[in-house]
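Chain order of the listed sequences is A and B.
Note that this note's numbering has the first sequence beginning at 27, numbered continuously upward.
Note that this note's numbering has the second sequence beginning at -17, numbered continuously upward.
Each residue gets a CB set at the ideal place from its N, CA and C atoms; glycine is no exception.
All of these numbers come straight from a predicted model, not from anything done at the bench.
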Amino acid sequence: MAILSKDEAQALLKKVLTYTTADECEASLRGRTSGNIRYARNSVSTAGAQDSVSLAVEARFGKRSGIATCNEFDEATLRRCVQRAEEIARLAPESPEYVPLLGPQTYLSPPSAATTTLTPALRAQAAADSMNLCAAKNLTSAGFLDGGTSFRAMRNSKGLEAYQQSTNTEFSVTVRTADGRGSGYAIADVTDPAKLNTKALTQRAADKATGSVNAKAIEPGKYTVILEPAALVASDDLSLLGGLVGGLDARSADEGRSFMTKKGGGNRKGEKLFDERINIYSDPLNAEVPGNAFDGDGLPTQRMSWVEKGVVKNMYYSRYWAEKNKVAPTAYPNGFIMTGGTQSTADLIKGTAKGILVTRLWYIREVDPQTLLYTGLTRDGTFYIENGAIKFPIKNLRFNESPIIMLNNIEAIGRPVRLAGCLVPPLKIRDFTFTSLSDAI
Amino acid sequence: MNRRDFVGLTGLGATALLLPSLPGFGAKRVDPSRLLEPGADTILKKRLADAALNAAKSAGASYADVRIGRSLNQYVFAREKQVQNIVSTESYGVGIRVLVNGCWGFASTSVVTEASLAATARLAADIAKANKLVLKEPVQLAPQQGYGEVSWKTPIVQSAFEVPVKQKADLLLAANAAAMDAGANYINSALFQVNEQKYFASTDGSYIDQDIHRLWPTFNVTAVDTKSGKFRSREALSAPVGLGYEYLTPSAAEQVRGPQGTDTVGYKLRYDILADAALAGKQAKAKLTMKSVTPGKYDLVLDPGHLGLTIHESVGHPTELDRVLGYEANYAGTSFATLEWKAKNLPYGSPQVNIVADKTQPGSVGNVGWDDEGVKTKEWDIIRAGKLVDYQKIRDQAHIVGQKASDGCCYAQSWEDVQFQRMANISLKPGPGKLSVDEMVSKVDKGIYIAGAGSFSIDQQRFNFQFGGQLFFAIEKGKITEPLEDVAYQSNTQEFWGACQGSCDASDYRLFGTFFDGKGQPAQVSSVSHGSATTRFNGVNVINTARKV
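This is how it looks when you write it as structure tokens:
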């Protein structure tokens, strides 16, 4: 039941809309079928499957709105769901931020290309490949593989129709030496699970683990760093680039409470805030990181430039804020692409006289929203670079740094790779601020 | 906590679109009146559970448990003069965990019929069997007595779900007005109400019916200086609680004033949202022109609404046995508090540091009768006179540290997620002698008093941390002199607790807490409280967080 085809989903939504007497009505469906396996200490700890579909109905009378949902699809339940949404709408206060529902829209068709389905046996095999590689080298692995198929569908009384199906699989692994003195990490996410190589990723994490034994302490301070993609974006936590791109909201800036707020009022759209080599955009049709075709309001996504040659070209405008400011609304994307060059991380290391290679940053939190100052720590593979080569592993460090400052201190930009649904290059940055040492391994 | 969700929520820019990513708050939305309808009765639940347990046993399970969950939530969001969202959600379904050939398997379903539960039990068994391929250490489950048919309910005076929605919305709007009148430019306020109806059954012979209530009123006030582009915020000094709507009835006896020279007020088991919002409006505005701290070493006097988060990160997490053993190595991290514990010689703090774990403290969000694998909850010592003496553990971990029983720490965020080891309430005992916060401050030569939790970050083995706060006051020669801004402190867990000089007495004791303690893959959230009295730490490194961009 979890994954309905376009025709099945629209037939169901069409039926739901015939039950309403509201001025406006919108119905949406979402579902996901997924499976996962988690292991640690070279043994499986948990494994499971999840399967869900739900229907949401929004009914509107004038500027009053009500929402109800159900997860059973017989006629009586569907009718009750619509009635309940209408009852709430009649009782709700008028919304001062009311915007009419969207009419028919034209959507792009992002590629969706899963060629295999991960069964419990395939997931167990992938975990076994990873664990066996480590056990043979007296290393300990802890990893997680999670993948599945999702769909979203919308339809409303103004004629809007939308549907999209997508797949995503993510694998991450942390490898530690038996004595706990070395730790390494690798992560990848893919649209097509056939492209996932858990063995190769585990090997990369294992190399980082064995290479990080006997780490030396260095003085905290300002250093040239090479930040690998896992130090720049994350699917499960706040990240340096995710926080920056996600913070380009026009309303909070216009209200005076964002790093994008302009002194004296308004926002900083159109200002050059970063190094001119910085270009960030979103593109739902990108083959490597296909995006959502529509956002939660049913707005079509399209290729959108956020930062061009260091200048903030666009900010997010909700439909209400766009109307109030007489600009076009912005569909919120589910990933972004940062352009780069052709150099791999290894090439960046070769071109570095003195610096630090950072595999991963962790527990990043905003310290000051005014300057977007973040703090966090290096983790699972931090190395000192001298004369174009890794010289020795170093102890982990805490940083206090703003991505705004960071993207003004660019030394080099490498070749983008997919991570967390984004395309992000490794970055070489000067004067990155480390404030204290950590004993954590 | 599920960090991305928490970060989004603490900003309270949250809209209905954000909330679906929040477990428990993204479920089916229902008419508020539906929340008062009784769920399935225990006779029906027992029949359903037995269908699943029997199917699991037939599929070869040596142990199985079934959790029939009905999760009811309602949240009210308001900003300035308007209510943004009133959303009622309901989620109903069943999670089944089975142990086959020494391997765990788990599956869940929202189709709650005997046939569906039996099929889900077989799917869980199939997953367990597939994992035999990679079995190295068969699960050893600590034996657990069955309790038969029993029940437990959070002790509440009034269910928040019985209070009319309009009354709750009006309260938030009144709090917003109080903050705006006091100088705020913006305020986002929210009221989270949670009711978990959990029915647990296992092949051990337990049928446990629990009715758990939690509440969290909170807000974030912002003051803006348009000319300079500067803005500052102050969050509510409330806590999420295991109480009913009575938490929102102010009581003078439940308020604790900060040290003389500050205007701060802390709250025990009753909260005055109107007074706190008015004070927050005034303080947010004052923050725009406060003196920026001079970095250096200071003696810190930390109020319970602040210290709770430091306890959470630096004691709660490193003493979770799954982290110690490496089960969280790939995500939340491991722990510096290794199994040296067995020799009872791991120095954790000064002799003044006594820390207990519990799942039974009234008013705390962790308070329940049984955990999600049928273990009765309790209180036990974690740190005694500065030495680590025990961990937090579950049934399949006890044997690893030579113990025979679980501590009752196994929980899932909902019926559709698998249960695993979660943090109990971890609380610092108040000082044994009579000591007020004014007496504590009077003995500090150069220090900073910090109230409220702010920015927080700690490494994956829980050594190095950095914490901000909501309100900071300079202490010079035993007196509060002026408020400060841009304060954060950095330390190392053992150094920090080693510098603990003791706590105020029990009259100052309060709870901090969160709904969103995050761990696991897929990530799950859990509710936890941390109690303490105001406590002094000597010679802590304070940094200045102001930057120019």
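A direct Cα-Cα distance of roughly 7 Å separates alanine 279 of chain A from phenylalanine 285 of chain A.
Runs of the beta strand (DSSP E) lying entirely within the stretch 165 to 238 of chain B, each at least 3 residues long, are 168 to 184, 188 to 207, 212 to 217 in chain order. Sequence-distant partners of valine 206 of chain B (beyond 5 residues in either direction) whose C-beta falls short of 6 Å from its own C-beta, in its chain, are Asn167, Phe213. Proximity of chain B to asparagine 68 of chain A at the Cβ level (cut-off 9 Å) is accounted for by Val116, Lys118, Glu119, in chain order. The bridge partners DSSP lists for glutamine 190 of chain A are A/Arg178. Under the Cβ criterion of 8 Å, isoleucine 109 of chain B is counted among the residues facing chain A. DSSP places glutamine 126 of chain B outside both helix and strand once states are collapsed to three, so it counts as coil.
For arginine 391 of chain A, the beta-bridge partners assigned by DSSP are A/Thr401.
In this structure lysine 242 of chain A is exposed. Its beta-carbon is surrounded by fewer than 16 other beta-carbon atoms within 10 angstroms.
Restricted to the stretch 72 to 140 of chain A, the alpha helix (DSSP H) segments that are unbroken, complete and at least 4 residues in length are 101 to 117, listed in chain order. Within its own chain, the residues whose Cβ lies closer than 6 Å to the Cβ of lysine 339 of chain A, once the five positions on either side in sequence are excluded, are Ser331, listed in chain order. The beta-carbon separation of proline 451 of chain A and glycine 440 of chain A, rounded to 5 Å, stays under the 8 Å limit for a contact. Interface annotation, aspartate 394 of chain A: in contact with chain B, CB-CB separation under 8 Å. Counting every other CB atom within 10 Å of its CB across the protein chains shown gives lysine 40 of chain A a total below 16, marking it as exposed.
Annotation for glycine 436 of chain B: the continuous beta strand (DSSP E) segment containing it runs 428 to 440.
In the DSSP annotation of this structure, valine 531 of chain B is not part of any beta strand (DSSP E), being labelled neither H nor E. Threonine 91 of chain B is bridged by DSSP to B/Val76.
In the three-state scheme derived from DSSP, where H, G and I count as helix and E and B as strand, isoleucine 467 of chain A is classed as coil.
Every alpha helix (DSSP H) stretch that sits fully inside the stretch 229 to 312 of chain B and reaches 4 residues is listed by chain position as 255 to 269, 286 to 293, 303 to 307. Cβ contact annotation for isoleucine 382 of chain B (same chain, cutoff 7 Å, sequence separation greater than five): Leu307, in chain order. If only uninterrupted beta strand (DSSP E) runs of at least 3 residues are considered, those enclosed by the stretch 347 to 424 of chain B are 361 to 366, 407 to 410. Assignment of glutamate 464 of chain B by DSSP, reduced to helix, strand and coil, places it in the strand class. In summary, the residues of the stretch 52 to 77 of chain A whose CB is separated from some CB of chain B by less than 9 Å are Arg56, Ser60, Gly61, Asn62, Ile63, Arg64, Tyr65, Ala66, Arg67, Asn68, Ser69, Val70, Ser71, Thr72, Ala73, Gly74, Ala75, Gln76, Asp77, in the order they occur in the chain. Against chain A, a Cβ distance below 9 Å from leucine 307 of chain B picks out Ala66, Arg67. Put simply, of A/Gln109, A/Ala313, A/Glu437, A/Ser156 the residue whose alpha carbon is nearest the alpha carbon of threonine 193 of chain A is A/Ala313. Less than 8 Å divides the Cβ of alanine 188 of chain A from the Cβ of alanine 319 of chain A.
Leucine 26 of chain B sits exposed, since fewer than 16 C-beta atoms from the chains shown fall within 10 Å of its C-beta.
Sequence-distant Cβ neighbours of glutamate 52 of chain A in its own chain, meaning closer than 6 Å and more than five residues away, are Glu84, Leu127, Asn182. In the three-state reduction of the DSSP assignment, aspartate 47 of chain B falls in the strand class. The residues Val139, Gln140, in chain order, have a CB closer than 6 Å to that of glutamate 228 of chain B in the same chain once the five nearest residues on each side in sequence are set aside. Secondary structure of isoleucine 304 of chain A (DSSP, three-state): coil. Rounded to the nearest whole angstrom, the C-alpha separation of glycine 381 of chain A and asparagine 435 of chain A is 14 Å. In this structure the stretch 248 to 259 of chain B touches the stretch 221 to 237 of chain B; the number of beta carbon pairs closer than 8 Å is three or more.
Per the coordinates, the alpha-carbon of phenylalanine 478 of chain B lies some 7 Å from the alpha-carbon of glycine 331 of chain B. Of the candidates B/Asp340, B/Lys369, B/Val371, B/Gln374, B/Asp340 places its Cα closest to the Cα of threonine 359 of chain B. The DSSP-derived three-state label of arginine 294 of chain A is coil.
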